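Participant:
In structure tokens:
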């Protein structure tokens with residue numbers, strides 16, 4: 005879905021506007037902080053209202069307000085991401101590369117019975133280790149294709165799902181927490197410093213004794229590993245309980 009830029013377009017019902025305006029604004033503000041300066045809050049809110057309208061259209065008989073708000077948040081984020089992707093023709097290529105990395109990690113984890121090493125992931129993709137590390141940075145730094153751990157809680161939601169079919173936010177958060185626990189300790193530290201301590205990539209690099217570019221690679225790798233683990237966990241025939249850790253260098 006391509007969303008045209010423009011000012012916020014709230015629903016025609018004033019009660020719905022008052023009820024959901026804070027939700028749309030909160031998600032848009034959280035997103036715009038990670039975007040280049042040319043992306044405006046109004047642009048993102050305009051896209052967010054389109055996502056909310058779709059959520060309301062599919063609401064059906066869902067009477068659980070908390071459940072619906074989680075579903076609406078998914079739709080709002082999805083519409084905003086669609087708008088951002090429409091701005092950059094390169095984002096499709098990078099999203100494809102991101103999916104290939106995740107798929108390679110899943111295949112290797114199933115085949116090896118442990119979390120794969122960086123070198124093994126690069127070999128599975130048919131590229132050199134340095135090329136793989138550069139690709140991680142490209143995927144992480146491209147604004148429309150930017151990956152963030154907060155986006156992973158809607159990883160399995162189909163565009164055709166209504167709120168009654170969407171996994172609860174609690175289930176997704178529990179799945180996310182389990183996936184993080186299976187990460188190598190160094191990647192867990194990167195995530196903890198970035199999301200809990202709110203350290204910049206440069207500050208994390210100083211703690212780890214590596215460059216800012218290397219921290220960007222580690223963050224991107226962590227998110228792809230989490231995505232692969234969550235997809236495995238959410239497939240009924242798969243189990244990750246016996247997966248062993250590996251340590252990134």
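Numbering (this note's numbering), first residue to last: 5 to 253.
Ideal Cβ placement from N, Cα and C applies to all residues, glycine included.
Model, not experiment: these values are computed from the prediction.
Under the three-state reduction of DSSP, which class applies to residue 115: helix, strand or coil?
Facilitator: Residue 115 falls in the helix class under three-state DSSP.
Participant: Which word fits residue 102, buried or exposed, when buried means at least 16 other C-beta atoms lie within 10 angstroms of its C-beta?
Facilitator: By the 10 Å Cβ count, residue 102 comes out buried.
Participant: Since residue 50 contacts residue 80 with CB under 8 Å, what's their CB separation in whole angstroms?
Facilitator: Not really, about 11 Å apart at Cβ, beyond 8 Å.
Participant: Would you mind giving the Cβ-Cβ distance between residue 141 and residue 224, rounded to the nearest angstrom? I have them listed as a contact below 8 Å.
Facilitator: Correct: roughly 7 Å between the Cβ atoms.
Participant: Taking Cβ positions, are residue 186 and residue 227 nearer each other than 8 Å?
Facilitator: In this structure, residue 227 does not lie closer than 8 Å to residue 186 by Cβ.
Participant: Is residue 226 near the ligand NAD - that is, is its Cβ less than 7 Å away from at least one heavy atom of it?
Facilitator: In the structure shown, the ligand NAD is absent, as is every other ligand, since no ligand is present at all.
Participant: Roughly how far, in whole angstroms, is the beta-carbon of residue 85 from the beta-carbon of residue 108, given that I think they are within contact range, below 8 Å?
Facilitator: Contact flag wrong, Cβ pair sits at about 23 Å.
Participant: Does DSSP put residue 214 in a helix, in a strand, or in coil?
Facilitator: Coil.
Participant: Would you report the Cα separation of residue 55 and residue 116, rounded to the nearest angstrom?
Facilitator: Rounded to whole angstroms, residue 55 to residue 116 spans 40 Å at the Cα level.
Participant: Can the beta-carbon of residue 183 be found closer than 8 Å to that of residue 132?
Facilitator: Taking 8 Å as the Cβ cut-off, residue 183 and residue 132 do not qualify as a contacting pair.
Participant: How big is the Cα-Cα spacing for residue 78 and residue 221?
Facilitator: Cα to Cα, the separation comes out at about 27 Å.
Participant: Could you check the C-alpha separation between residue 121 and residue 138 for me, to the nearest Å?
Facilitator: If I take the Cα positions, the gap works out to 16 Å.
Participant: Spatial neighbours of residue 209 within its chain, please: CB distance less than 8 Å, with the 5 preceding and 5 following residues excluded, ordered by chain position.
Facilitator: The answer, listed in chain order, is 215, 216, 218, 219.
Participant: State the start and end residues of the unbroken alpha helix (DSSP H) segment that holds residue 187.
Facilitator: Run containing residue 187: none; DSSP gives neither H nor E here.
Participant: In whole angstroms, what is the alpha-carbon distance linking residue 30 and residue 73?
Facilitator: Whole-angstrom Cα-Cα distance: 13 Å.
Participant: Between which two residues does the alpha helix (DSSP H) carrying residue 31 extend?
Facilitator: Note, residue 31: alpha helix (DSSP H), 18-36.
Participant: By Cβ distance, which residues of its chain are closer than 8 Å to residue 145, with the 5 residues on each side in sequence left out?
Facilitator: 220, listed in sequence order.
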